[in-house]
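Trainee:
Number of protein chains: 2
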Amino acid sequence: MRIAVLGVGLIGGSIGLAARDRLAAEVAGYDPDAELLARAEELSAVGSTHDSIADAVAGAEIVFCAAPVGVLPDVARDALAAAGRDTAVTDVGSVKRDAIAALGGDPRFVGGHPLAGAETAGVENARADLFDGARWYLTPTPTTGGLLYDRVQRAIAGMGARPQAIDAQAHDRLMATVSHLPHVLANVLVAQAAEALAGDYSERFPEVGPSFRDATRVAGANPAIWGDILGGNREAVADQVEAAAARLSDAAELLRSGDQDSIAAWHAGAAEHRRGLLAEDRAAGRLRELRVLVSNTPGVVAQIALALGDGGVNIEDMALHPSADMSSGAISLFVTGDDDARRAAELIGALGHDVVPVER
Amino acid sequence: MRIAVLGVGLIGGSIGLAARDRLAAEVAGYDPDAELLARAEELSAVGSTHDSIADAVAGAEIVFCAAPVGVLPDVARDALAAAGRDTAVTDVGSVKRDAIAALGGDPRFVGGHPLAGAETAGVENARADLFDGARWYLTPTPTTGGLLYDRVQRAIAGMGARPQAIDAQAHDRLMATVSHLPHVLANVLVAQAAEALAGDYSERFPEVGPSFRDATRVAGANPAIWGDILGGNREAVADQVEAAAARLSDAAELLRSGDQDSIAAWHAGAAEHRRGLLAEDRAAGRLRELRVLVSNTPGVVAQIALALGDGGVNIEDMALHPSADMSSGAISLFVTGDDDARRAAELIGALGHDVVPVER
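Each protein sequence line maps, in turn, to chains A and B. Using the numbering used here, the letters of the first sequence correspond one by one to residues 230 to 589. Using the numbering used here, the letters of the second sequence correspond one by one to residues 230 to 589.
(1) Using a 10 Å radius around the Cβ and a threshold of 16 neighbouring Cβ atoms, would you call A/Ala312 buried or exposed?
(2) Kindly confirm or deny that the region 401 to 416 of chain A and the region 445 to 462 of chain A touch, where touching means at least three C-beta pairs closer than 8 Å.
(3) Taking 8 Å as the CB-CB cut-off, is A/His502 touching chain B?
(4) Quick check on A/Gly242: buried or exposed, where buried means 16 or more other Cβ atoms within 10 Å of its Cβ?
(5) Three or more C-beta pairs closer than 8 Å, one from the region 249 to 264 of chain B and one from the region 314 to 325 of chain B: is that the case here?
(6) Locate the alpha helix (DSSP H) running through B/Asp479, then write down its first and last residues.
(7) Could you give the first and the last residue of the continuous beta strand (DSSP E) run that contains B/Ser597?
(8) Below 6 Å CB to CB, which residues in the same chain sit around B/Val584 once its five sequence neighbours on both sides are set aside?
(9) Buried or exposed: where does B/Gly461 fall if 16 or more other Cβ atoms within 10 Å of its Cβ makes it buried?
(10) Check this for me: beta carbons of B/Leu367 and B/Leu332, under 8 Å apart or not?
(11) In or out: B/Asp361 buried (at least 16 other Cβ within 10 Å) or exposed?
(12) Kindly indicate which residue of B/Ala467, B/Ile329, B/Gln393 has the alpha-carbon position closest to the one of A/Asp479.
(13) I need the boundaries of the alpha helix (DSSP H) containing A/Phe441, first residue and last residue.
(14) Which residues in the same chain as B/Val587 place their Cβ atom closer than 6 Å to its Cβ, once the five residues preceding and following it in sequence are excluded?
(15) When you check each C-beta in the region 405 to 419 of chain A against every C-beta of chain B, which residues fall closer than 8 Å?
(16) Any beta carbon from chain B within less than 8 Å of A/Ile385's own beta carbon?
(17) Pick from A/Phe441, A/Leu344, A/Arg402, A/Gly238: whose alpha carbon is nearest that of A/Asn354?
(18) Can you check which of these residues, B/Ala267, B/Ala534, B/Val352, B/Asp379, is closest to B/Thr319 by C-alpha distance?
(19) Using the Cβ count rule (16 or more neighbours within 10 Å means buried), how would you classify A/Glu290?
(20) Per DSSP, what kind of secondary structure is B/Met404 in: helix, strand or coil?
(21) At what residues does the beta strand (DSSP E) containing A/Arg214 begin and finish?
(22) Buried or exposed for A/Ala247, please, with buried defined as at least 16 other CB atoms from any protein chain shown within 10 angstroms of its CB.
(23) Relative to the C-alpha of A/Ile282, which candidate in A/Val321, A/Ile232, A/Arg326 has its C-alpha closest?
(24) Using the three-state DSSP reduction, which class does A/Ser561 fall into: helix, strand or coil?
(25) In whole angstroms, what is the alpha-carbon distance linking B/Ala394 and B/Pro371?
(26) Spell out whether any CB of chain B is found under 8 Å from the CB atom of A/Pro452.
(27) Who are the neighbours of B/Asp459 on chain A, taking C-beta pairs under 7 Å?
(28) Taking DSSP's pairing of strands, which residues face B/Trp365 in a bridge?
(29) Can you pull the DSSP bridge partners for A/Met547?
(30) Taking only the alpha-carbon atoms, compute the straight-line gap between A/Gly346 and A/Ile240 and give it to the nearest angstrom.
(31) Tell me where the alpha helix (DSSP H) around A/Val304 begins and ends.
(32) Measuring CB atoms only, is the region 468 to 475 of chain B touching the region 475 to 493 of chain A, in the sense that at least three cross pairs come out at less than 8 Å?
(33) I want to see whether chain A comes within less than 8 Å of B/Arg571, judged by CB atoms only; does it?
(34) Pull up the distance between the alpha-carbon of A/Leu359 and that of B/Ala263, whole angstroms please.
(35) Give the single residue among A/Tyr259, A/Leu235, A/Gly299 whose Cα lies nearest to the Cα of A/Arg463.
(36) Here's the rule: buried if 16 or more other CB atoms are within 10 angstroms of the residue's CB, otherwise exposed. What is B/Asp280?
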């Protein structure tokens, strides 16, 4: 088959590599940045390079629009204008409502969003296996052509992803809840702490604890991308942000009531919620946390990770909690299932470290 | 010197060990749980055990009240009732206002709060070096006796901590901002996501991303402790929670405005704030983040951590971002300062992994 990739960053480049590798596709590439396009060709992410969208799109069975979110609808519109009647046009934007509103009436357009690659950027990091096992949302409308939709779905499944159809608005609400809202909360938390810093105890701000560090890790992340995402999904995000504000007002009221039993029940309920959410996240079993008390010198993390690796236990997630002077601390290790948790505790115990299982 | 420790969990036990080890103190121990008290003696955390607070307190120069937050004021009151005129009584509660309101008029009482040990619990985990380098807040009042205050301050400095005087209300506001508020935000976020889950897309909830996982790590943490902390500091926490709700409402309004430049500026400001906050957190230099793309098999974390350890680079913090099917992923590594960041990138590159420096 022949596909076109419009925009050759991390996602576009990986689509090109996966399509060539897994679908034996010819890949026509276009990017307004000629240097980037040449680099993509060097890396074999595209098989041919083209000076215009119309050139790249000619003869393609599927056109993948992989430009930055802000210009995606324009690129997709140009692609549809240039493409023939039997060409499917899809995109990879993380917000779908605007694209669907603009283009969803065209039977050739299928909105898409692969959940992959958020952790990096650039065609240099493109990989043929980027989408292996990744959810890839598709947002067909009632007017979307069935054969073209099926073609897109089969292609992305062939590239290793797990396609799933979802209504565009439901998609945007979902992303607003699990991805965009955490970013807004992080932004708000650092702003509030910074204001406290500038206040009457500015010179004695404490070591910022692990809870603060974890909660704000994504504050202000990747401004070039996130400004567009938050703006592009503004209605759904604003709904979620307002809902969170209302929940916080309720929580403040509960706290002021001084009703200790209700406060404790509310707090314990959060542990239940998280367990439920993360359990759904893991096919292989429930995520278990172990805390290890260690001296925080170079090598200790390695020693533990190595022992677990040798023992066949995979570390799913890890968080370090250094003490104030970095002389010691704790490591939170997350492994999957009770068996791995038990095995991990044995392996770490054998190294002479104290292990504390954490029930949540 | 002679001290008394009332309550022999992690903190009380560590005070006992540190006082015996660093101050050559005689340590009299009391705990309502006789078994626990015996265990503390076995572990040398206390030198003598006593059946009552009055017995333990007799002859002590400093009494450390290390009971759970909920009963701390009662324990401290009993200690003051039993103690002589030249005995200082201090506590370790993470909320100070109530204790000060109840006891701050007594010249012998000095409220205290060591920032240590939050990552675990139990006398089994007590260590003489738990407080090394840790901030230890003291909340004297105008009526606190100067000589007794000085005695407490010198003792905790001798145990390795860094004492700092702070007004009790300022302390509680500070903790509400940097510690208690993140916990409330995490609770609210999981509740909101759980509700979304139960809604119309319950069967197609996506893999929960790293931003969600980081943001909710402390949701519902340690219910036995946190119910009391949130309740005990309820006014200050409620103030902070309401302020966060107001900020979220403002953020929702900004988003709805669709003013892309202002949204981008607001988002970029958050990165500035976080940089400022974490820079103050590190004496040795700015925390730098590197992203490493890896296959997520047992052993890779170890390989990298080992290479950094061998190269003398300390990993200050680490977060794993597995791909959906766990077949690959990214590791965020945090190291201190530009030199370590450069060195880490070299060491990891030499292993054949791609390293992406993250500018925040």
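All C-beta atoms, glycine included, are put in the ideal place defined by N, C-alpha and C. Everything numeric in this text was worked out from a predicted model, so none of it was measured.
Mentor: Once the coordinates are examined:
(1) buried
(2) yes
(3) yes
(4) buried
(5) Contact fails: fewer than three Cβ-Cβ distances are below 8 Å.
(6) Under the DSSP assignment, B/Asp479 falls in the alpha helix (DSSP H) whose first and last residues are 463 to 486.
(7) Past the edges of chain B, shown from 230 to 589, lies residue 597 of chain B, and the structure says nothing about it.
(8) Leu519, Val521, Ala574, Ile577, Gly578
(9) So B/Gly461 ends up on the buried side.
(10) no
(11) buried
(12) B/Ala467
(13) Unbroken alpha helix (DSSP H) run through A/Phe441: 439 to 444.
(14) Glu518, Arg520
(15) Thr406, Val407, Ser408, Leu410, Pro411, His412, Val413, Leu414, Ala415, Asn416, Val417, Leu418, Val419
(16) no
(17) For the set A/Phe441, A/Leu344, A/Arg402, A/Gly238, the Cα lying nearest the Cα of A/Asn354 is the one of A/Gly238.
(18) B/Asp379
(19) Looking at its Cβ environment, which holds 16 or more other Cβ atoms inside 10 Å, A/Glu290 is buried.
(20) helix
(21) This structure gives no information on residue 214 of chain A, because the portion of chain A shown stretches from 230 to 589.
(22) buried
(23) A/Ile232
(24) strand
(25) Whole-angstrom Cα-Cα distance: 12 Å.
(26) yes
(27) Position check: residue 459 of chain B holds Leu in this sequence, whereas Asp was assumed. Chain A residues near B/Leu459: Leu484, Ile492, His496.
(28) B/Pro343, B/Pro392
(29) A/Leu562
(30) Approximately 7 Å, taken between the alpha carbons.
(31) 301 to 311
(32) yes
(33) no
(34) If you take the alpha carbons of A/Leu359 and B/Ala263, they lie about 58 Å apart.
(35) A/Gly299
(36) exposed
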